[in-house]
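Here the structure comes first, spelled out in structure tokens, and everything after it is commentary.
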Amino acid sequence: MSETPQQREAVLTIFEKGAEGRRAFVCPELDVPAVAAEQLLPARLRRVAPPRLPEVSEPEIVRHYVKLSKRNFDLDSGFYPLGSCTMKHNPRLHERVAALPGHQRLHPLQEPRLAQGALELMWRLQGALAEISGLPNVSLQPSAGSHGELAGVLLTRAYHEDRGQRRHKVLTPDTAHGTNPATVTMAGLTVVKLATDAAGGIDLEDLRAKADEDVACLMLTNPNTLGVFDRNIEEIAEIVHRVGATLYYDGANLNAIMGVTRPGDMGFDIVHFNLHKSFTQPHGGGGPGSGPIAVSGRIEPYLPVPVVVRRDSDGDEGDDVVYDFDYERPKSIGRLRGFHGNYGCFVRAYAYICSLGADGLKDASEAAVLNANYLLARLRQLGVAELLPLAYGELCMHEFVLCGGPMKRQLQIKTLDLAKRLLDFGYHPPTVYFPLLVEEALMVEPTETETKETLDEFASAIAAILTEAAEDPELARNAPHSTPVRRLDEAAAAKRPVIRQAL
Amino acid sequence: MSETPQQREAVLTIFEKGAEGRRAFVCPELDVPAVAAEQLLPARLRRVAPPRLPEVSEPEIVRHYVKLSKRNFDLDSGFYPLGSCTMKHNPRLHERVAALPGHQRLHPLQEPRLAQGALELMWRLQGALAEISGLPNVSLQPSAGSHGELAGVLLTRAYHEDRGQRRHKVLTPDTAHGTNPATVTMAGLTVVKLATDAAGGIDLEDLRAKADEDVACLMLTNPNTLGVFDRNIEEIAEIVHRVGATLYYDGANLNAIMGVTRPGDMGFDIVHFNLHKSFTQPHGGGGPGSGPIAVSGRIEPYLPVPVVVRRDSDGDEGDDVVYDFDYERPKSIGRLRGFHGNYGCFVRAYAYICSLGADGLKDASEAAVLNANYLLARLRQLGVAELLPLAYGELCMHEFVLCGGPMKRQLQIKTLDLAKRLLDFGYHPPTVYFPLLVEEALMVEPTETETKETLDEFASAIAAILTEAAEDPELARNAPHSTPVRRLDEAAAAKRPVIRQAL
Amino acid sequence: MSRYTAITGADREQMLAAIGVESVEELFARQVPERLRLARALSLPKGMGEQEVYEHLRSLAEGNVSSEDQISFLGGGMYDHYVPAIVDMLCERSEFLTPYTPYQPEVSQGGLQAMFEFQTAICELTGLPVANASVYEGPSAVAFAAYMAKLYNGKGRIVASAGLHPHTLQTLHTYAHGFGSEVVEVPLGEGPEACVTERQAWLAAIDSDTSAAIFAQPSFYGAVEDAEELVALAKQGDGDPVVIAQVDPIVLGVLKAPGECGVDVAVGEGQALGGRLDFGGPSFGFFAAKQEYLRRMPGRIAGETRDLDGRRGFVLTLQTREQHIRREKATSNICTAQALNALAGVVYLSWLGRQGIVELGELLLARTHYARQQLTAIDGVQLLHERPAIRELALYLEADVAEVRRRCIAEGIDPGLDLQALSGREADRGGLLLAITERRSRQQIDALASTLELALRACWRKVAA
Amino acid sequence: MSRYTAITGADREQMLAAIGVESVEELFARQVPERLRLARALSLPKGMGEQEVYEHLRSLAEGNVSSEDQISFLGGGMYDHYVPAIVDMLCERSEFLTPYTPYQPEVSQGGLQAMFEFQTAICELTGLPVANASVYEGPSAVAFAAYMAKLYNGKGRIVASAGLHPHTLQTLHTYAHGFGSEVVEVPLGEGPEACVTERQAWLAAIDSDTSAAIFAQPSFYGAVEDAEELVALAKQGDGDPVVIAQVDPIVLGVLKAPGECGVDVAVGEGQALGGRLDFGGPSFGFFAAKQEYLRRMPGRIAGETRDLDGRRGFVLTLQTREQHIRREKATSNICTAQALNALAGVVYLSWLGRQGIVELGELLLARTHYARQQLTAIDGVQLLHERPAIRELALYLEADVAEVRRRCIAEGIDPGLDLQALSGREADRGGLLLAITERRSRQQIDALASTLELALRACWRKVAA
Ligand SMILES: Cc1ncc(COP(=O)(O)O)c(C=O)c1O
Ligand SMILES: Cc1ncc(COP(=O)(O)O)c(C=O)c1O
């Protein structure tokens, strides 16, 4: 195939553009008396050679990054069924409201009485998340899902320590996302893995065997990363609670169950939310995110400081109620970061909750589950299921995991090849090789904001790739062909890492 | 060549997407008592079948138009040396300030005392344009260059009519932009063409022969569309004024001369500005624009209503001065449109003038002229000039016109082919086949915001295309190859026009 | 280097050397006669950094009271509708914001297809078969239509209803004086015909020399005309004029389409369709017509075609109408139009959708009706007309309108515009024109009613005192 | 259909038929035990249209007094710098805003290259050879660095200067309690060492069990530390701790780079580099280190490589450090980080440029010096320290700081933060910390001086009365 225009483009970094002396910034004039440099900052503390930042004009910057942006695939341009990531539509209304000066230019140390709007928003968001999760106490502070997990495990520790217990084990199923075990280690505890049963849920035998008084917590996703709702969840909760451990809910898959069932009602003690998944915070190519947590009453005393509270007003200000930060939490695990969390993400999540309301959130989850099941059914109708069977169960929740083993054996193409070939068809591939226990896993999450037409076209594309591969597997094995770059040598990158522009 | 991903995309309009019943809009609730439809609007006046607008969800709209946008070439992504169009960088600061609620949500009929900021901005812009053009009286009203031209010719008529004269001829050089003659006709006058002399300026003999008492006006661009500054301009002014006619300056090429020389000082009576050229209003794919006019004292009485004035305050409001609209202009030609002109464009143009200041504007023109001459020199160095000689003169102002005749004869490719091949190289081509008097014209305007590197690369691309064409002219003749669509059948489009989606 | 340029000292030297001149000064000296060179710097302030410019423009913005700062019932040609966020987002994309008019269709399919879609939406709204890709704005669109009528039938007389917006009438006069047509104004009627075109006078004014007959729907006073009847009166047989309607596009979900009423050309102001107020511009004008006018229409038109390989694509078509090809014989002089605003329009209409435009129209009808009832219940407030009103209401106040306005504004509510101040017509004295959009809630209408009532009483007290 | 979904009734029927279930209800019934199903609707308000949501969020925004509404000298970790318009424009592009973490490098070269450029900029700023693509924000970046130190040398003792931001110290305690390290705080000095780390105590606290020694540059009080000396004291030979500096990146055009001072790891809060205040987040944390820490760093790292055809390209590299590969053995648990904020950072730094970052630093130095002079000339205002200050100034007020603040705020000026209220330290009573950015002009500093003076006098009068 001949090169596409983007493939022909010379790849230069911003540091390789521009010329000595070029610039965009115009420094405000020195409006105060000039003072000798030495007097302001002695030579010993001064930098001699300035950092070699780019020297570029504003038009060069714009053109550089606009062109760079075109080398990205994005949700606004195409279907992005990346399992576990909930790539739902990012409403632009949210960007508009987040950009209002009253939100974006609000200093985090502004007096609470002069930040009542922000505090009210946080308080309302706390309330909504509590209601959605069925757990009444919320901290908005964590910066992402994994940060919420860390908070959760530290809360569990604090809870046990407060009871004089030093439990060191945390149970995680083998389907768990990598952040779960990594978090456990960072929190100073030890991972104990749980097996998965034939239905895709937790192997109860294994759980019973491992649930002892050393267990601090069981971390679970439900529906889990197989897209399977663990029907035994009440029994699991029972087992875990019987040994005095807590039950942690990884909320990455909340999009399946909003308004349908609630972690609190299932028996979970702690849940984290990914506002950048279920609640439309755009992913930004890898963040920002936000990972609030909600907890049951027995965990509440340990929540990070501060939390947002509403109080009756003492009357000075004319309002009935005032919102404030509460720092007086003697049993708190402390802070997880500076200030109060990713407020900009709160604005977007709150706007989303306001837009959808109670019914809309439930509709969203219903549509997410309907879309996933329809896509699965469509793939079956097209005969794809023979080569890519569903790993577990018959139906699925908001996502499903296919097993690429048969495809690999019959067509000699791997899941990776299928994924890369999808790029040529204009799709972002599903998540691949996760969860680990499924051979050649392909994890598909269409989300509720996609149309039936898109699902139909995507299913047809998969079918077409398989048909094509039966004839000529090289097409997939060498895919992608039409992307700005083709397959990249990751091994070389890791072996001799070049992680900055040489200057 | 194989198809690019974009070429493979199915082209569907928004009307062909969606499905019955889909929607994005949520109507605010009916918060007033419901009333029988007939009572509100009788059946006789009611629409029965609603307009068949699209039925699409918000994500579908976003994806549709984001993908459509990627089928456009744009200034932020590449070099756009479109002669006569001044495709200079569009600073995003301007979009930011234009979007401030105090500007964008200001109603045009707001009381002047509650729109002092807007009026002050307009007054300051009037002043700046007057200073730049050397003509003291400004009307911001016209919506684009051609609208400014219409204003100008109507002003000329009003001026003569006020003197009891009904002059019917307007002289325009054969290099004139099409809007000049079209405007003359719309204004009820008759075009008389002037020849161009060997230096690329107005043929003075021809002018002298045609300048008689029937002539209302001479419309001129200086530098003209050949990029040539007419050195005889004073003499031209003299001839025109001697017969009592006015001299009109088409300001499309103002970018060559800001702070260097002024139409008013050259003897012009009326000038229009293209804020969407010299003053960075983004072109928007064909507008909006803004075409203010500046005139000499003798034309002033006829300016459109209203104009913005500054008055000493009567004291009530605390400010020293107040800004207002002046409608009391008995000799005015009247209105050219609703309200006060394209204020959103004024904000951007004014921001630009503030950013650059006196020195910066001059620097911009100097850089524009330097860039054009350098690109010309570079093309010469690369031997391009043999096939594409400069049509007139040795140097140029901010743009230059090459003659594609030798190329056509020697390489058997036309200017159109060269232009289309440039698309494959990632450039927007220069203006082609204008001005009409140059054979196979190629009109190049790099603007001041481009880097030397870009000019070098562009020159090399032209040279490469010529070299390649010497070997294989088909490459250019069939170009472009890599654009979303290839050459389009314009004849068929005009013969059986399909100008709307059939539903 | 100034702002946005990139020529360093080293660049300049190399560039001058390549050109073969000593200095930039020499470049000018060799081309522009010395006498004409400005010997001084422009008398303008020094340039400023981005932050300072932002602060300056922000402080100017703060010198304005916008619809973000007050409850405003101002209308009269531009309206405070809600503009959805996707309109801004899409219009701010470099790919739509920064290209020129699509002269190279191969790399302009985005803009061209959007124009094609826009044209489709305008055809659907107006019920007419052809539309262009935009003209400047509303009033000049009417003037362009009148010019087209003249090109079409060569006649020199324009009959225009006094129900047109004053700016439209003024613009029409300016243009018509240029292209040499006479404008005859048809007065408004009285009683049941108050605020709409007087039918007898309309009939009488139109003769066989009439090039165009023009009315507004609804009228400037918000009164819905009987468009079918106006058309029928204008078209009596041979030598009929071109009937032109200036229509408010946002009400066309509920109001009979101009095309259905027999109108030949429907034009109007597009600001209500996803446009900013922007103190009056930029917005877009739309222009739709019957098939027979296609080749005489002004402005750009996007058309569908195929590429070399048979792919569907779009081009600017029928360019032989236009100035750059036809020059003095062009059907108009328009060049740069309002592509970006038209894009906003078609995005907005897609967002509103087939159901939405009807629902919105019904909401406006109901709220306007409610406002009519609430406001006319106030002592000293009367209706100016009895015609149906969809989203704009004309009232008569038994007080000095300017003073009433001042009092309401002081309470944070702009009650609508002073009809006489805008139209200059003596008959409009005491008239108030107020616009209802979906942003004006019942609560705001109620607030207006009580504020207006108090303002009126205060005026009377002052007079009494 | 709810907002943003697209399943029509007809769609639903076809979809259910394809799946082979009767209803959506059945889909859930077959998977989620009945007992667990929520039998009621969520107790949340009804959904709202876009316009209503906008109005609601706007009214909440108006419940805040932002730096757009008052002259604010608040700093203490986040700063009111001017963010150029290109940052917003680029970050709002769908292509940067909406993708996930770049798991498919072939279609993520934009984001990956931006990360690579960001890493380069951070290396240049800090004078260290390696950097990652971002961590959450400043204080947790310090905690991540301490964790890395522990992974690196296996030791369990962290020495931390009291000059660190209180939030940093608190965060460090929280994390360290988790990963099982002890945190020892080194006090601030007195006299010439006021507001910076007490050198003797620092030296004394660091022993051979010390995993990490951490200080802030400048200190929380805005005082410039002698970083070279702190490093020299910490590194006495074998078994040295990892020396970690939390640095303010915006001053690194004038302040000696951490790398030059011998620091091992430099981390910090990136908000000053083109970030919004956003009531505290999102922003980004940066993380740079000496080469030997590369394979133990947390977070994403973009690396350069080649594609099949030899084209230059970028990938996420050294992923075996990360949770999704290494799981419980990962060097951290971080997954989603702050890519978009980091993009804003590198765009900002490109805009500022090589000269700009120095000029800006000099401007801040000069204005801070000026503020220091003007403010300490006021009766009742003293300096808290004598160390150089670049852009943040700590003062001692002979009055109740809360009351002084209240009085200044009432005049439209926030004079800076109440040190003791934030730190909770008794020693900080009377302390005021104020930040100077390029947005705070001399005029504003002068206004602060006079307002502060009046406020102090008023406080005294009250006490006297
Ligand atoms: C199941 C699951 N858990 C946890 C996480 C971690 O969330 P975050 O990336 O916000 O840290 C993810 C995100 O990828 C996930 O899919
Ligand atoms: C020389 C010249 N005159 C006039 C015009 C018309 O300007 P506008 O497109 O703003 O109507 C143009 C624009 O193309 C031009 O290049």
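As they're listed, the protein sequences go chains A, B, C and D.
Heads up: the first sequence runs through residues 18 to 520, numbered per our numbering.
Heads up: the second sequence runs through residues 18 to 520, numbered per our numbering.
Heads up: the third sequence runs through residues 1050 to 1514, numbered per our numbering.
Heads up: the fourth sequence runs through residues 1050 to 1514, numbered per our numbering.
Where is the CB? At the ideal position from N, CA and C, for every residue including glycine.
- A straight line joining the alpha-carbon of lysine 84(B) with that of aspartate 1467(D) spans about 51 Å.
- Short note on lysine 294(A): C-beta closer than 8 Å to some heavy atom of ligand 1.
- The continuous stretches of beta strand (DSSP E) do not include methionine 1064(D), which lies in the alpha helix (DSSP H) extending over residues 1058-1068.
- For asparagine 154(B), the uninterrupted beta strand (DSSP E) segment begins and ends at 154-156.
- In this structure, histidine 415(A) has its CB at a distance of at least 8 Å from all heavy atoms of ligand 1.
- Nearest Cα to arginine 1052(D) within the set Ala36(A), Gly151(A) and Leu373(A): Leu373(A).
- Per DSSP, the continuous alpha helix (DSSP H) segment holding glycine 281(B) begins and ends at 280-283.
- Taking a Cβ-Cβ cut-off of 8 Å, the neighbours of glutamate 1101(D) in chain B comprise Pro45, given in sequence order.
- For alanine 375(A) against leucine 1093(D), the beta-carbon gap comes to about 4 Å, under 8 Å, which counts as contact.
- Distance from the CA of serine 295(B) to the CA of leucine 440(B), rounded to the nearest whole angstrom, comes to 25 Å.
- Along the segment 1266-1294 of chain C, the beta strand (DSSP E) does not occur as any fully enclosed run of 3 or more residues.
- Of the residues assessed, serine 1157(D) falls on the buried side of the cut-off, its CB having 16 or more other CB atoms within 10 angstroms.
- Interface criterion not met: the Cβ of alanine 1195(C) is under 9 Å from no Cβ in chain B.
- If you draw a 10 Å sphere on the C-beta of tyrosine 176(B), you find 16 or more other C-beta atoms in it, and that means buried.
- At least one heavy atom of ligand 1 lies less than 8 Å from the C-beta of serine 101(A).
- For glutamate 166(B), the shortest C-beta to heavy atom distance toward ligand 2 is below 8 Å.
- For serine 1210(D), the uninterrupted beta strand (DSSP E) run begins and ends at 1206-1210, by DSSP.
- Chain B has no Cβ within less than 9 Å of the Cβ of glutamate 491(A).
- Taking 8 Å as the upper bound for CB-CB distance, serine 1116(C) and leucine 1326(C) are in contact here, some 6 Å apart.
- Shown here, threonine 1366(C) sits in coil according to DSSP, grouped into three states, outside any helix or strand.
- Assigned with DSSP and collapsed to three states, asparagine 495(B) falls in coil, not helix or strand.
- For the pair of segments examined, the segment 1150-1164 of chain C was found not to touch the segment 1285-1305 of chain C: the number of CB pairs separated by less than 8 Å stays below three.
- Within the chosen limit of 8 Å, ligand 1 reaches the beta carbon of cysteine 1384(D) through at least one heavy atom.
- Boundaries of the alpha helix (DSSP H) around glutamine 427(B): 422-428.
- A direct Cα-to-Cα measurement between cysteine 1508(C) and tyrosine 1419(C) gives close to 25 Å.
- Interface criterion not met: the Cβ of arginine 1474(C) is under 9 Å from no Cβ in chain D.
- The three-state reading of DSSP puts alanine 1379(D) in coil, since its state is none of H, G, I, E or B.
- When C-beta distances to chain D are compared with 8 Å, the residues of the segment 1470-1497 of chain C below that value are Glu1487 and Arg1488, in chain order.
- Burial check for glutamate 222(B): the Cβ neighbour count within 10 Å stays below 16, so the residue is exposed.
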